[in-house]
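Encoded as structure tokens, the structure appears first; notes follow it.
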Amino acid sequence: MTNALVNGNTGLESRFDSMNLSRSAYVPPHMRSSQRAASSPSPSPSPAPSRNGWNDSRGGAPSSRGGFSDRGRGGNSFTNNRVAGGGQGWGERSTSQNWSASPREQPKDNQMFGYGAWKDGQHVVGGRNMRMEKEIYGEADDPSKQHTGINFEKYDDIPVEATGADVPDPVTSFTSPPLDPVLLENIGYARYTIPTPVQKYSIPIVANGRDLMACAQTGSGKTGGFLFPILSASFTMGPRAIPSEPNGYGGRRRATPTALILAPTRELVSQIHDEARKFAYRSWVRPAVVYGGADISQQIRLIERGCDLLTATPGRLVDLIERGKISLANIKYLVLDEADRMLDMGFEPQIRRIVEGEDMPGVHDRQTLMFSATFPRDIQMLAKDFLKDYVFLSVGRVGSTSENITQKFEYVEDNDKRSVLLDILNSHSNESLGLTLIFVETKRMADMLSDFLIQNQWHATSIHGDRTQRERETALQTFRNGQTPIMVATAVAARGLDIPNVTHVVNYDLPSDIDDYVHRIGRTGRAGNTGVSTAFYNKNNKNIVKELVELLREANQEIPGWLEVSAHEASFGGSFRGRGRGRGRSGGRDYRTGGGGGWW
DNA sequence: AAAAAAC
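For the first sequence, position 490 matches number 490 in the UniProt record's numbering, and the numbering has no gaps at all.
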């Protein structure tokens with residue numbers, strides 16, 4: 001049966017506004033509101049600037065090539081044409097032209113508008129390119145482009161602990177120095193105002209040549225946390241001296257990136273790449289991205305045109321290294337993002353091969369930054385092998401332990417889940433522009449549930465690993481821009497993805513790992529905004545009930561009585577899967593400091 | 001047990 005709304009439904013009912021009689025029959029008409037997509041001011045934010053867009057300005061380049069052309073459509077990233085390079089890299093890094101930093105002095109037909117170069121040991125900054133700025137930074141009022149960090153002040157509440165030898169003092173604002181002035185301008189274009197706690201520490205840590213091990217999630221501003229210091233130093237210092245074999249490998253030049261970022265999922269690397277494009281603007285650094293499921297020859301063409309900061313999933317990168325298209329000999333900066341997740345997914349062999357088994361400079365000849373939500377033993381081993389004298393940064397949870405996310409629980413048997421879900425969607429539909437992300441455990445369930453929702457007149461889509469990359473990208477795009485404000489997802493979307501405006505996360509199926517739960521609800525309430533999460537609990541979820549209750553208590557959430565009872569029963573009923581499984585639930589701590597016996 | 005990821 002459906003013991004609905006156990007944890008209260010505070011005030012939602014009083015806020016519905018419009019009506020929609022085409023809705024499912026589960027809720028009386030007065031509780032229905034119009035489909036969110038329909039009320040969205042602009043379902044497809046900017047009508048493709050492509051064709052006669054700036055591709056034309058560079059002399060008739062095929063628009064499929066650069067990929068900028070596609071991106072205007074949904075405001076976001078994923079299209080097959082934009083597999084690598086972000087459309088950048090026309091011409092070599094050191095062209096003979098002498099660019100001026102001042103836009104007024106740029107020749108009008110300069111095809112390098114927006115791109116800089118490194119020439120004779122100097123950073124030659126490219127002129128501004130307004131079309132490109134609109135493209136990569138978005139319109140100020142485009143919600144799908146909006147950066148999540150609206151309530152930045154709230155970041156000050158996030159506790160940060162830095163340990164290690166001689167930890168540099170954190171910065172308090174974006175300034176030059178220590179940041180390169182060009183980067184500072186780009187940060188301004190991207191409308192970032194105040195550094196997040198991770199960024200405050202990572203900027204001076206990297207600037208001082210130190211390695212970093214950070215326990216933090218994506219919502220903490222971690223992407224900027226590694227992009228800012230790496231790009232800043234790159235702008236100022238230039239690339240590593242090109243080794244002896246710059247050309248002629250397989251007839252073409254091999255890409256020799258200065259910075260490499262590894263992340264577990266395709267969507268995540270694409271998202272990081274989008275950020276990289278913002279901050280590399282007008283500089284000599286050409287960002288590129290490679291991942292599986294997309295046409296590899298297209299990616300090869302693009303990295304050949306410029307690949308200084310490469311974001312990659314491990315499998316595709318290994319493939320490209322084997323094909324001789326990428327050399328890591330020039331790497332100065334290595335980032336492992338979501339390291340625990342990558343190990344969970346079995347990437348360790350590929351990662352070790354990339355870092356230790358190819359031509360990447362050794363640990364003392366590069367700077368390495370590792371990010372991980374947790375710090376279990378296998379990550380510690382990786383840190384021991386990949387990092388040197390690192391600073392350990394522990395960043396408090398942005399979501400769960402703060403009160404930004406209201407966590408509701410409902411006792412729902414499996415057979416009742418669909419019906420309860422419709423109830424919930426209806427009662428939330430008045431929050432007009434918010435997005436709803438629904439997590440299920442299996443790919444099959446993701447398909448079935450999204451079909452079911454569509455049958456019930458909801459604009460829903462789904463994302464999971466059995467869909468083609470194309471479908472995944474489309475799903476994410478229409479979700480972000482509000483055309484399908486409901487997305488059913490498997491674990492593929494659980495971590496790392498930064499989707500602004502997700503106001504509601506539904507754990508239709510609870511995960512069996514408490515960390516997964518934390519990551520999932522962390523898709524809402526991003527960056528200090530508030531969000532709601534609803535979880536369907538039943539007897540099949542007893543394996544995490546104890547940890548759930550602990551978590552709720554920590555986060556100052558209301559705990560339904562029946563949930564506490566269930567937790568109490570579980571602690572006697574044998575089947576506890578102890579906390580000692582090698583993984584603390586909190587962000588982790590620096591085991592080097594001793595600190596009186598960790599929990600692993 | 002399922003999910004993710006190279007072809």
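Quick reminder that beta carbons are idealized off the backbone N, C-alpha and C, glycines included.
From a predicted model like this one, the values you see are computed outputs, not experimental measurements.
Contact set for residue i: own chain, Cβ-Cβ below 7 angstroms, skip 5 residues either direction
i	result
residue 380	591
residue 461	450, 475, 478, 479, 484 and 487
residue 121	238
residue 133	189
residue 165	389
residue 552	407 and 559
residue 273	86, 287, 289 and 311
residue 447	462
residue 276	227, 287, 309 and 311
Residues near residue i in its chain [Cβ-Cβ closer than 6 angstroms; skip 5 each side]
i	result
residue 230	259 and 333
residue 190	137 and 278
residue 458	486
residue 544	514
residue 510	535 and 541
residue 531	405, 503, 524 and 525
residue 283	116, 182 and 235
residue 198	216, 220, 221, 222, 225 and 395
residue 345	264
residue 214	371 and 393
Counted within 10 angstroms of its Cβ, other Cβ atoms place residue i as buried (16 or more) or exposed
i	result
residue 565	exposed
residue 562	exposed
residue 299	buried
residue 472	buried
residue 250	The pLDDT assigned to residue 250 is 45, lower than 50, so where the model puts this residue is not dependable, and the model offers no usable value.
residue 325	buried
residue 216	buried
residue 575	Residue confidence is low: residue 575 scores 44 on pLDDT, short of 50, so the model does not pin down where it sits. Its coordinate-derived value is still stated next. Classification of residue 575: exposed, given that the 10 Å Cβ count is below 16.
residue 415	exposed
residue 349	exposed
residue 455	exposed
residue 173	exposed
residue 427	buried
residue 186	buried
residue 210	buried
residue 482	buried
residue 495	buried
residue 467	buried
residue 556	exposed
residue 554	exposed
residue 522	buried
residue 429	buried
Contact belief for residue i with residue j at Cβ below 8 angstroms, rounded distance in angstroms
i	j	result
residue 361	residue 309	Contact flag wrong, Cβ pair sits at about 16 angstroms.
residue 452	residue 418	6 angstroms
residue 490	residue 464	4 angstroms
residue 170	residue 200	4 angstroms
residue 205	residue 396	The Cβ separation is near 18 angstroms, so there is no contact.
residue 497	residue 271	7 angstroms
Test item: CB-CB of residue i and residue j under 7 angstroms
i	j	result
residue 369	residue 226	yes
residue 375	residue 337	no
residue 388	residue 355	no
residue 196	residue 221	yes
residue 280	residue 287	yes
residue 316	residue 264	no
residue 359	residue 327	yes
residue 505	residue 520	yes
residue 606	residue 409	Because residue 606 is not part of the residues shown, which for the chain are 1 to 600, the question remains open.
residue 411	residue 212	no
residue 392	residue 163	yes
residue 394	residue 550	no
residue 330	residue 240	yes
Residue i: CB within 6 angstroms of a non-hydrogen atom of the ligand FAD
i	result
residue 135	Of the ligands one can find in the structure shown there are none, so the ligand FAD has no counterpart to examine.
Cβ neighbours of residue i in the same chain (closer than 8 angstroms, five flanking residues each side left out)
i	result
residue 546	567, 570, 571 and 576
residue 313	262, 263, 264, 265, 266, 269, 290, 291 and 292
**Report entry** alpha helix (DSSP H) runs wholly inside the region 308-342, at least 4 long, in chain order
**Finding:** Those alpha helix (DSSP H) runs which fall completely within the region 308-342 and span 4+ residues are 314-322.
Query raised in the report: Enumerated in chain order, which unbroken segments of the beta strand (DSSP E) with a length of 3 residues or greater are wholly contained in the region 487-573?
Result: Entirely contained in the region 487-573, the beta strand (DSSP E) runs reaching 3 residues are, in chain order, 502-507 and 531-537.
Query raised in the report: Which full runs of the alpha helix (DSSP H) of 4+ residues lie inside the region 247-299, going along the chain?
Result: Counting only runs that start and end inside the region 247-299, the alpha helix (DSSP H) elements of at least 4 residues fall at 266-280.
Requested in this report: Would you mind listing the alpha helix (DSSP H) stretches within the region 178-238 that are 4+ residues and don't spill past its ends, in chain order?
Outcome: Entirely contained in the region 178-238, the alpha helix (DSSP H) runs reaching 4 residues are, in chain order, 181-189, 197-207 and 222-237.
Query raised in the report: What runs of the beta strand (DSSP E), each 3 residues or longer, lie entirely inside the region 362-394?
Result: For the region 362-394, whole beta strand (DSSP E) runs of length 3 or above, ordered along the chain, are 367-372.
Query raised in the report: What runs of the alpha helix (DSSP H), each 4 residues or longer, lie entirely inside the region 402-475?
Result: The region 402-475 contains these whole alpha helix (DSSP H) runs: 417-428 and 443-455.
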